[in-house]
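Just so you know, the sequence shown maps onto residues 403 to 962 in our numbering.
Accompanying notes for the structure given below.
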Amino acid sequence: MKNKLLIISLLAIAFQIRAQEVLTGLDENPSLKGMSKFTRFEPSLSKGSIELPFFEDFSQASCYPNPDFWTDNVVYINNNFAVNPPSYGVATLDAANSYGIVYPQAGENPFIADSLTSQPFRLGGFYPADSVYMSFVYQPQGLGNAPEVHDSLILEFWSVKDTNWHTVWEVEGSPLKEFTPVFIYIGDTAHYLKNGFRFRFRNLASVAPALAADAGMNCDHWNIDYIRIDAGRTLHDTAMADVAWLQEANSMLVTFNEVPWKHFFQGNHLADPELKFRNNNNIPMNVTQSVRFYKQVKTGNTTEFVEYDMFMLSDNYDAYTTNTVITPFPFEFEPYPYITNDSAVFKVKYFLETNSTDVPQNNTIEHIQRFTDYYAYDDSTAENGYGIESETAKFAYRFRPYTEDSLIAVKMFFNRPKDTSTVNRIFHLAVWKGIDKPSRLVYVKNNCHPHYFDDYPGYYRYDLDTGIFVSMDSAIFVGWIQTTDKKLNLGFDRNKRAINRMYYNITGEWIRSAFDTLGCTMIRPVFKNVSFPANIPGRNLLNECKVYPNPAKTEAYFEL
């Protein structure tokens with residue numbers, strides 16, 4: 403009997419070890435998948451020759467490289483994958499093409515994946531004594547997947563003399579590091595100091611053999627930023643007259659990224675956003691920060707943002723320092739005036755102003771604040787995929803609405819996998835109530851499956867058969883009950899957090915997610931005012947639902 407109990411205990415331990423939460427890479431880049439073909443450009447050398455000085459920090463709004471500087475369009479320009487970049491925006495090389503689809507030749511053996519190729523430069527007339535240097539910073543992995551040691555990032559120069567690309571620098575793959583500066587001397591008058599000089603970055607990528615088809619194959623991420631070429635430089639020339647924002651603008655709300663418009667006015671839920679900027683110069687700089695507020699106004703068939711208030715502040719900031727600015731609302735007006743609509747859209751723009759030597763393109767960031775009918779922790783961008791490898795798994799996501807209302811639907815974003823058979827991975831949409839953890843199952847929608855979209859963001863809406871009343875004395879938990887040990891590959895946002903709000907259950911006990919400090923899953927509960935009988939505070943759902951199995955030994959399910 404003791405031996406039998408020991409075997410059962412060991413099996414239970416082994417099951418818990420095997421069945422676990424997992425984060426994976428993506429099988430595609432959903433941001434690029436949703437871009438219109440009209441936002442892309444065809445590779446071209448017709449832009450003319452670039453003159454020195456040259457500087458690129460990828461702070462433009464497009465997902466694709468600036469065609470004035472670059473001749474190809476396969477790297478991803480973004481603000482999501484870098485960790486502590488020197489300025490807002492980076493170029494990310496990975497294993498996906500310009501449409502966000504993993505290259506068909508991706509496999510265990512390293513292959514040339516992305517390229518970032520410059521337009522021609524006018525370097526004729528420069529000599530070795532002019533001390534022309536190229537510098538840039540790079541980072542492996544970021545918030546994506548770490549390149550393996552046999553993968554690499556490569557820099558090549560185009561020789562005008564022999565019309566070939568020459569490798570001048572490369573580095574092998576590694577886990578996440580801080581951005582590392584690189585300096586390359588351009589002093590060869592025979593090959594490079596000529597009109598028509600070009601350079602390009604390329605990456606060698608590979609897919610580890612252990613990766614299954616649904617484990618995420620868009621891997622081996624490299625981030626590049628702050629590319630600079632100029633004369634009169636040295637190896638110690640790290641300073642630049644540049645004050646730059648380092649991050650995207652945050653939501654103006656406490657806790658959530660978006661909330662229902664009619665819920666927002668139930669109390670004060672405005673945050674004081676913390677934004678970071680860096681003085682990349684070697685001397686102190688006086689910086690003026692200003693914030694402008696806009697509301698979206700529709701007049702006839704025209705929709706535009708109209709400015710309605712602003713404020714400013716100035717201070718001195720030391721050289722090479724990263725500074726955190728807390729943006730309060732020191733005025734009496736409500737930044738988001740009430741509008742008697744079902745939704746509203748506002749814009750907040752943040753500006754940095756210094757002097758005439760400052761690089762201007764990274765001095766402005768903005769945030770579009772939307773109010774519709776759902777709550778969201780995430781920002782609509784998936785950097786990873788989330789799942790649980792257990793056929794007994796349950797996942798519950800905690801939301802505490804600002805006011806009582808009725809849950810009518812749940813939106814979910816699923817990453818499209820390389821193996822599209824995951825569409826057959828059936829799950830049961832589930833809703834629980836509780837305080838800190840799920841305690842009572844109140845709704846199950848059987849036999850749901852993942853849906854995928856080409857347009858981004860692609861959230862699929864699962865409508866509930868009836869509204870579920872949510873009062874102010876408890877939280878609502880939305881999630882799923884699995885029917886397979888294959889993970890569902892739900893979108894996971896690495897730029898927002900849902901700490902103490904994500905829970906999973908494999909053996910009967912609700913456990914806090916191990917990943918809630920890294921980001922948040924992309925699930926959004928939808929609310930709408932639904933009438934209930936006046937004699938009761940909500941509906942007694944237990945009297946209206948089917949309970950199964952009946953009888954039950956350890957757990958039961960409730961279906962309306």
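Ideal placement from N, C-alpha and C gives every residue a C-beta, glycine not left out.
The criterion of a C-beta distance shorter than 7 Å is satisfied by GLN521 and ILE452. Taking the Cβ atoms as the reference, PHE894 lies roughly 7 Å from MET924, within the contact range of under 8 Å. Residue pairing from DSSP places LYS700 in a beta bridge opposite THR705. Pairwise C-beta distances place the region 698–714 out of contact with the region 660–675, as fewer than three of them are shorter than 8 Å.
Around the C-beta of GLN884, 16 or more other C-beta atoms lie within 10 Å, and the residue is accordingly described as buried. An exposed status is given to GLY669, since fewer than 16 other beta-carbon atoms sit within 10 Å of its beta-carbon. A distance below 6 Å between beta-carbons, with the five flanking residues on each side excluded, links PHE559 to the following residues of its chain, in chain order: HIS568, VAL570, TYR594, PHE601. Counted as a single uninterrupted DSSP element, the alpha helix (DSSP H) harbouring HIS665 occupies residues 663–666.
In terms of Cα proximity to ASP644, the closest of PRO859, ASP459, HIS830 is ASP459.
Scanning its chain for C-beta atoms nearer than 7 Å, with the 5 sequence neighbours on each side dropped, one finds around ASN826 the residues HIS851, in chain order. In this structure, the straight-line span from the alpha carbon of ASP429 to that of GLU785 is close to 11 Å. Under the three-state reduction of DSSP output, PRO549 falls in the coil class, being neither helix nor strand. Between the C-alpha atoms of ASP720 and ILE685 there is a straight-line separation of about 7 Å. Of the residues assessed, ASN757 falls on the exposed side of the cut-off, its CB having fewer than 16 other CB atoms within 10 angstroms.
Under the three-state reduction of DSSP output, SER433 falls in the helix class. Within its own chain, the residues whose Cβ lies closer than 6 Å to the Cβ of SER653, once the five positions on either side in sequence are excluded, are ASN659, listed in chain order. Scanning the region 474–522 for uninterrupted alpha helix (DSSP H) segments of 4 residues or longer gives nothing; none is fully contained. Annotated three-state conformation of ALA463 is coil, per DSSP.
CYS621: not part of any beta strand (DSSP E); DSSP gives it neither H nor E. For ALA484 against GLN541, the beta-carbon gap comes to about 6 Å, under 8 Å, which counts as contact. The beta-bridge partner set that DSSP reports for TYR738 is empty.
With contacts defined by Cβ atoms closer than 7 Å, ILE629 and PHE523 do not form a contacting pair. Shown here for THR519: same chain residues with a beta carbon closer than 7 Å to its own, the five before and five after excluded, namely TRP472, THR473, ASP474, ARG600, ARG602 in chain order. When the alpha-carbon of PHE815 is set against those of PHE695, GLY881, VAL504, GLN763, the nearest one is in GLY881. MET904 sits close to TYR799, with the two beta carbons spaced by under 7 Å. A direct Cα-Cα distance of roughly 9 Å separates THR774 from VAL928. Scanning SER782, PHE581, ASP744, THR794 for the CA closest to the CA of HIS830 turns up THR794.
Rounded to the nearest whole angstrom, the CA to CA distance from ALA832 to LEU890 is 15 Å. Note that the C-beta distance between ILE588 and GLU572 is not below 7 Å. Assignment of ASP838 by DSSP, reduced to helix, strand and coil, places it in the coil class. Following the DSSP letters along the chain, one finds ASN757 in no beta strand (DSSP E), marked with neither H nor E. Within its own chain, the residues whose Cβ lies closer than 8 Å to the Cβ of THR759, once the five positions on either side in sequence are excluded, are ALA643, listed in chain order. One alpha carbon belongs to GLU806, the other to LYS749, and they sit about 28 Å apart. In this chain, the beta strand (DSSP E) harbouring GLY881 covers 877–884. In the three-state reduction of the DSSP assignment, ASN684 falls in the coil class.
Rounded to whole angstroms, ASP711 and PHE695 show a C-alpha spacing of 5 Å.
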